[in-house]
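In what follows, a structure is listed as structure tokens, so that the remarks can point back to it.
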Amino acid sequence: MQKKVKEDFFKASWKYEEAPESTNHIQIKKQYDLFIDGQFVKPVGNKYFDTIDPSNHRKIASVAEAESEDVDKAVKAARKAFRSWSKISGKERGKYIYRIARLIQEKAREFSVIESLDGGKPIRESRDIDIPLAANHFFYYAGWADKLTYAFPNRNPTPLGVVGQIIPWNFPLLMAAWKIAPALATGNTVVLKPAETTPLTALKLAEIIHESGIPNGVVNIITGAGKTGALIVNHPDINKIAFTGSTNVGKYIQKAIAGTSKKLTLELGGKGANIIFEDAAIDQAVEGIVNAIFFNQGHVCCAGSRLFVQESVADLVIQKLKNRMETLIVGNPLDKNTDIGAINSKKQLETIKNYIEIGTNEGGEIYQPKCSIPKKGNWCVPTLFLNVSQSHRIVQEEIFGPVLAIQTFRTIDEVIEKANNSPYGLSAGVWTQKGSKIFNLTQKLNAGVIWANTFNKFDPVSPFGGYKESGFGREGGLHGLKPYVKFESYFN
Ligand code: NAI
Ligand code: MG
Numbered sequence: 404m405q406k407k408v409k410e411d412f413f414k415a416s417w418k419y420e421e422a423p424e425s426t427n428h429i430q431i432k433k434q435y436d437l438f439i440d441g442q443f444v445k446p447v448g449n450k451y452f453d454t455i456d457p458s459n460h461r462k463i464a465s466v467a468e469a470e471s472e473d474v475d476k477a478v479k480a481a482r483k484a485f486r487s488w489s490k491i492s493g494k495e496r497g498k499y500i501y502r503i504a505r506l507i508q509e510k511a512r513e514f515s516v517i518e519s520l521d522g523g524k525p526i527r528e529s530r531d532i533d534i535p536l537a538a539n540h541f542f543y544y545a546g547w548a549d550k551l552t553y554a555f556p557n558r559n560p561t562p563l564g565v566v567g568q569i570i571p572w573n574f575p576l577l578m579a580a581w582k583i584a585p586a587l588a589t590g591n592t593v594v595l596k597p598a599e600t601t602p603l604t605a606l607k608l609a610e611i612i613h614e615s616g617i618p619n620g621v622v623n624i625i626t627g628a629g630k631t632g633a634l635i636v637n638h639p640d641i642n643k644i645a646f647t648g649s650t651n652v653g654k655y656i657q658k659a660i661a662g663t664s665k666k667l668t669l670e671l672g673g674k675g676a677n678i679i680f681e682d683a684a685i686d687q688a689v690e691g692i693v694n695a696i697f698f699n700q701g702h703v704c705c706a707g708s709r710l711f712v713q714e715s716v717a718d719l720v721i722q723k724l725k726n727r728m729e730t731l732i733v734g735n736p737l738d739k740n741t742d743i744g745a746i747n748s749k750k751q752l753e754t755i756k757n758y759i760e761i762g763t764n765e766g767g768e769i770y771q772p773k774c775s776i777p778k779k780g781n782w783c784v785p786t787l788f789l790n791v792s793q794s795h796r797i798v799q800e801e802i803f804g805p806v807l808a809i810q811t812f813r814t815i816d817e818v819i820e821k822a823n824n825s826p827y828g829l830s831a832g833v834w835t836q837k838g839s840k841i842f843n844l845t846q847k848l849n850a851g852v853i854w855a856n857t858f859n860k861f862d863p864v865s866p867f868g869g870y871k872e873s874g875f876g877r878e879g880g881l882h883g884l885k886p887y888v889k890f891e892s893y894f895n
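See below:
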């Protein structure tokens with residue numbers, strides 16, 4: 404009897420009340436046209452596609468599909484706008500960028516809800532990470548607009564012209580900010596395409612851009628799937644392509660523009676190594692592992708999807724990690740308690756499920772907590788694999804979902820070699836109390852971003868980008884200005 408009382412007590416005290424964010428303050432149109440030359444215009448072919456809520460498969464809005472003629476219109480508008488935009492003072496350009504930043508802040512709540520509805524990420528993340536960081540990026544680059552001669556002393560930086568920007572679905576508004584803000588600060592004009600499953604915050608941004616009073620045609624936002632993206636890439640009057648997305652499409656783009664004078668930056672996939680040494684603060688490290696792989700359902704190019712734990716603490720870390728996974732809440736993205744939201748699309752869910760099957764078939768030992776998931780929608784329980792080695796596909800290939808592959812190591816040299824044994828080189832994490840170990844590893848790991856005693860931390864001031872198949876070029880910081888300028892100086 405007493406045991407029963409105790410059980411009931413725990414059941415009752417650990418159940419969270421639902422805490423959904425309200426949607427009655429957001430404004431979403433039924434149908435979105437293309438934002439070209441400062442206004443929303445119908446697509447020439449009059450074709451529209453649906454964007455859905457991945458947590459319940461409900462249609463949210465229909466969105467225009469841009470075809471060749473539409474892309475051409477957008478590029479022409481950007482070209483025309485470039486003539487004057489590139490000549491106005493940096494201070495004047497900065498004024499508009501600051502305005503966009505402030506307008507995002509003003510509408511932050513609305514942006515957060517739309518981001519979670521359209522893409523499936525937990526509201527806590529869109530509210531506390533995606534949207535504030537997007538505003539920060541505009542603030543940060545607004546500050547550079549009139550200081551380019553200080554950024555590049557004696558080099559006379561000038562803009563490239565019209566830039567085509569293609570972004571993915573994992574951080575929709577944030578990726579739009581990463582792309583648009585530095586391009587505008589340096590005096591370029593933009594044709595941007597958001598991903599087909601998450602176009603709504605970019606279209607909301609188009610409304611804000613209009614409201615900011617920035618001259619027509621400086622920013623054009625057009626929607627569509629890969630075909631529209633390819634039309635941007637291949638348009639002859641574009642000077643630069645900036646792309647974030649899969650390595651396959653990155654390779655396609657590189658081939659497509661070979662032999663042209665188009666400049667290119669690619670931010671592609673990753674398979675980040677997260678390394679836990681025996682002297683690390685173990686409880687913090689466990690939180691770090693959770694954040695590294697389960698943040699945004701694992702749809703993160705710099706996710707710590709390969710965990711390396713020093714052998715002496717492996718049992719302890721893995722047990723604590725399993726315990727922690729039991730407490731993760733998978734479900735309604737709009738609920739403030741939710742840790743893991745909906746998988747962005749059915750296609751991505753299939754990819755993840757396929758990898759879980761591959762991992763099991765290759766002999767990996769799978770662990771999934773006993774958590775409940777809603778009946779309708781795209782869901783994946785957080786998953787880890789033990790008993791895997793470097794040659795396993797789930798250790799080598801990007802899964803882009805909440806799936807972690809765990810290995811152990813004994814020595815520093817061993818873990819460096821294992822961590823670098825990857826076609827990717829985007830991110831890594833090191834957990835140790837020793838500063839000297841951190842410096843040693845940051846020198847030797849082939850990754851563009853290395854976090855120490857933390858993971859997945861972003862700041863507009865820090866450059867971000869990869870090595871090897873993770874791409875090239877940097878976004879963020881002073882480095883992020885460089886891919887948008889050319890130098891007219893003796894030193895070139
Ligand atoms: P994707 O690379 O096809 O999509 C990213 C963007 O590229 C979207 O806007 C899409 O419309 C556009 N696109 C697609 N084909 C194009 C083409 N031929 N030319 C120009 N633009 C094109 O990514 P997808 O298929 O949605 O995801 C597949 C895998 O890619 C994921 O499982 C993940 O491993 C990886 N990925 C990595 C991302 C990152 O942040 N590095 C983001 C998204 C996906
Ligand atoms: Mg959607």
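Per our numbering, the very first residue in the sequence shown carries number 404; after that it's consecutive. Each residue gets a CB set at the ideal place from its N, CA and C atoms; glycine is no exception.
Query                                                                                                                                                             : Result
Assuming V971 contacts I679 under a Cβ cut-off of 8 Å, what Cβ separation, rounded to an integer in Å, is found between them?                                     : An answer regarding residue 971 cannot be provided, because it is not within the stretch 404 to 895 covered by the chain.
Should L848 go down as buried or exposed, given a rule of 16 or more other Cβ atoms within 10 Å for buried?                                                       : buried
In chain order, what residues of the same chain lie with their CB nearer than 6 Å to the CB of G648, ignoring the 5 residues before and after it?                 : P571
Quick one, which of L789, N764 and G707 has its alpha-carbon nearest A850's?                                                                                      : G707
With S792 as the anchor, note down where its alpha helix (DSSP H) starts and where it stops.                                                                      : Unbroken run through S792: none, as it is neither H nor E.
Please classify G874: does DSSP put it in a helix, a strand, or coil?                                                                                             : strand
Which stretch, first to last residue, makes up the beta strand (DSSP E) that contains R813?                                                                       : R813 -> no beta strand (DSSP E), and no H or E assigned at all.
Just to confirm, is the Cβ distance from K723 to I685 under 8 Å?                                                                                                  : yes
Whose C-alpha, out of G804, K510, G522 and T592, is nearest the C-alpha of R461?                                                                                  : G522
Locate the beta strand (DSSP E) running through V466, then write down its first and last residues.                                                                : R461 to A467
Unbroken alpha helix (DSSP H) runs of length 4 or more, entirely within the segment 704–737: which are they?                                                      : 714–729
Please list, in chain order, all residues of the same chain as M404 whose beta carbon is under 7 Å from its beta carbon, the five residues on each side excluded. : The pLDDT assigned to M404 is 44, lower than 50, so where the model puts this residue is not dependable; a value taken from the coordinates is nonetheless given after this. Correct list: empty, nothing qualifies.
Would S489 and P562 be called neighbours here (beta carbons separated by less than 8 Å)?                                                                          : yes
Whole angstroms are fine: how far does the CA of N591 sit from the CA of V622?                                                                                    : 9 Å
What are the partner residues of T668, as DSSP defines its beta bridges?                                                                                          : A645
Quick check on N895: buried or exposed, where buried means 16 or more other Cβ atoms within 10 Å of its Cβ?                                                       : With a pLDDT of 48 at N895, under the threshold of 50, the modelled position of this residue cannot be trusted, and the question is left open.
Taking the alpha carbon of F452 as the point to measure from, which residue in Y544, Q442, V444 and A467 has its own alpha carbon closest?                        : A467
Distance check for D862 and G879, CA to CA, integer angstroms please.                                                                                             : 8 Å
Reducing DSSP to helix, strand and coil, say where L808 ends up.                                                                                                  : Reading the sequence as shown, one finds Ala at residue 808 and not Leu. Three-state result, A808: strand.
Take A580 and list the residues in its own chain whose beta-carbon comes closer than 7 Å to its own, dropping the five residues that flank it on each side.       : A537, H540 and F541
My output table needs one value for N895: the three-state DSSP class, helix, strand or coil.                                                                      : Residue placement at N895 cannot be trusted, given a pLDDT of 48 that sits under 50; what the coordinates show is reported in the next sentence. Note: N895 maps to coil in three-state DSSP.
Thinking C-alpha only, which one of Y553, I500, R496 and P575 is nearest I532?                                                                                    : P575
Assuming E681 and Q713 form a contact by the criterion Cβ under 8 Å, report the distance between their Cβ atoms to the nearest whole angstrom.                    : 4 Å
Near L634, which residues of its chain fall below 6 Å by C-beta distance, leaving aside the five closest residues on each side in sequence?                       : S471 and V474
Which first and last residues belong to the beta strand (DSSP E) in which S515 is found?                                                                          : First-last for S515: A511 to G522, but that is the alpha helix (DSSP H), not the beta strand (DSSP E).
Any idea which residues DSSP pairs I429 with across the strands?                                                                                                  : The partner list for I429 (beta bridge, DSSP) is empty, contrary to what the question assumes.
Would you mind sorting K821 into buried or exposed? The rule is 16 or more other CB atoms within 10 Å of its CB.                                                  : buried
From G448, S519, E670 and N735, pick the residue whose C-alpha is nearest to that of G653; which is it?                                                           : E670
Are I919 and F788 closer than 8 Å when you measure CB to CB?                                                                                                      : Past the boundaries of the shown model lies residue 919; the chain is included only from 404 to 895, so the question cannot be answered.
Run through DSSP, which three-state label would M404 get?                                                                                                         : Legend: pLDDT at M404 = 44, less than 50; position of this residue unreliable, no value from coordinates given.
Below 8 Å on the Cβ atoms is my contact criterion, and I expect G616 with A480 to pass it. Report the Cβ-Cβ distance as a whole number of Å.                      : The pair is not a contact, with the Cβ atoms about 16 Å apart (cut-off 8 Å).
Residues bridged to D436 by DSSP?                                                                                                                                 : Answer is none; D436 lacks a bridge partner.
Return helix, strand or coil for I679, following the three-state DSSP convention.                                                                                 : strand
Since L787 sits in a beta bridge, which residues does DSSP pair it with?                                                                                          : Y770 and L807
Excluding sequence positions up to five away, which residues of its chain have a Cβ less than 8 Å from the Cβ of E421?                                            : N735, D738 and N740
Tell me where the alpha helix (DSSP H) around Y758 begins and ends.                                                                                               : K749 to N764
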